[in-house]
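Each remark here refers to the structure printed beneath this line.
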Amino acid sequence: MHQHRTPEQDAADEQLDVAWRTHAPAAMRFATAVVGPIDAHDVTTTAFLRVTQQPDWTDIEHFDRYLIRAVRNQAQDLYRQRRRRWQRDLLAVRPEATTDPLPDVDLLRAVASLSVQQRSVVFLAYWHDMTEAEIAETLDIARSTVHRTLARARIALRKALT
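Residue numbers (full-length UniProt numbering): 1 to 162.
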């Protein structure tokens with residue numbers, strides 16, 4: 001037996017589809033920079049679903065920025081979850097001997113060691129060429145927070161790579 005859909009249901013589905021096609025690519029790129037390619041789709045999809053499950057999500061002003069913030073929040077949740085898991089795992093195993101990693105691996109580790117907030121700011125500054133003001137507006141944080149976060153991220157990267 002076929003379920004009959006109302007025109008309102010069809011219109012709502014179309015709005016979701018248009019929002020996904022319009023905003024998901026940028027959110028996915030952002031998520032990839034913050035959590036890596038393996039988790040980017042899950043983080044983006046979860047954030048998108050959380051946003052669009054709000055009753056009046058279609059009234060959100062600057063939906064693209066709102067979605068980026070939701071992706072950042074989802075990435076922070078994932079990061080906290082993993083950190084707890086890593087701490088448990090570290091207690092269970094002994095560190096193995098390591099060899100000198102390749103420079104690219106060093107860079108990846110250095111970036112991975114940054115907080116989600118730092119990775120977010122670095123990505124928007126260097127890959128999207130955003131100004132501190134644009135980053136602040138996109139992430140809905142103070143410009144001084146962007147400046148401080150970017151400075152601390154640069155120091156951390158320099159320290160990790162020297």
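Glycine residues also receive a C-beta, built at the ideal position from the N, C-alpha and C atoms.
Closest to Thr46 by CA distance: which of Gln118, Arg72, Arg154 is it? In the sequence shown, the residue the question calls residue 46 occupies position 46. Among Gln118, Arg72, Arg154, the Cα nearest to that of Thr46 is on Arg72.
Val43 and Ala33 look like a contact to me (Cβ under 8 angstroms); what is the Cβ gap, rounded to whole Å? For this step, residue 43 is matched to residue 43 along the sequence shown. For this step, residue 33 is matched to residue 33 along the sequence shown. At roughly 11 angstroms, the Cβ-Cβ gap does not stay under 8 angstroms, so Val43 and Ala33 are not in contact.
Could you give the distance in angstroms between the alpha-carbon of Arg82 and the alpha-carbon of Ala160? Indexing the sequence shown from 1 puts residue 82 at position 82. Indexing the sequence shown from 1 puts residue 160 at position 160. Going by the C-alpha atoms only, they are around 21 angstroms apart.
Between Trp57 and the rest of its own chain, which residues show a CB-CB distance below 7 angstroms, the 5 nearest in sequence each way excluded? Reading the sequence shown from its first residue, position 57 is the one you call residue 57. The residues are Val51.
Residue span of the alpha helix (DSSP H) that contains Thr52, given as start and end: Start at 1 with the first residue of the sequence shown, and residue 52 comes out as number 52. Thr52 -> alpha helix (DSSP H) spans 37-52.
Coarse secondary structure for Ile60, derived from DSSP in three states: Here residue 60 is taken as the residue at index 60 of the sequence shown, counted from 1. Three-state DSSP puts Ile60 in coil, outside helix and strand.
Tell me the DSSP secondary structure of His128 in three-state form. Walking along the sequence shown from the start, residue 128 turns up at place 128. Reduced to three states, the DSSP call for His128 is coil.
Extent of the continuous alpha helix (DSSP H) to which Thr145 belongs: Residue 145 sits at position 145 when you count from the first residue of the sequence shown. Here the alpha helix (DSSP H) through Thr145 covers 143-161.
Please classify Ile38: is it buried, with 16 or more other beta-carbons within 10 angstroms of its beta-carbon, or exposed? Numbered from 1 along the sequence shown, position 38 holds the residue referred to as residue 38. Exposed, because fewer than 16 other Cβ atoms sit within 10 Å of the Cβ of Ile38.
Using DSSP with H/G/I as helix, E/B as strand and the rest coil, what is Leu67? Sequence index remark: in the sequence shown, residue 67 carries index 67 (1-based). Helix, per DSSP.
Rounded C-beta distance between Leu67 and Ala27? I'm assuming under 8 angstroms. Taking the first residue of the sequence shown as 1, we reach residue 67 at position 67. Taking the first residue of the sequence shown as 1, we reach residue 27 at position 27. The Cβ separation is near 5 angstroms, so the contact holds.
With distances taken between CB atoms, is the gap from Leu139 to Arg69 smaller than 8 angstroms? One-based indexing of the sequence shown puts residue 139 at position 139. One-based indexing of the sequence shown puts residue 69 at position 69. Yes, these two residues count as a Cβ contact at 8 angstroms.
Could you compute how far the alpha carbon of Leu157 sits from the alpha carbon of Leu16? Position 157 of the sequence shown, counted from the first residue, corresponds to residue 157. Position 16 of the sequence shown, counted from the first residue, corresponds to residue 16. Taking the straight line joining both Cα atoms gives about 39 angstroms.
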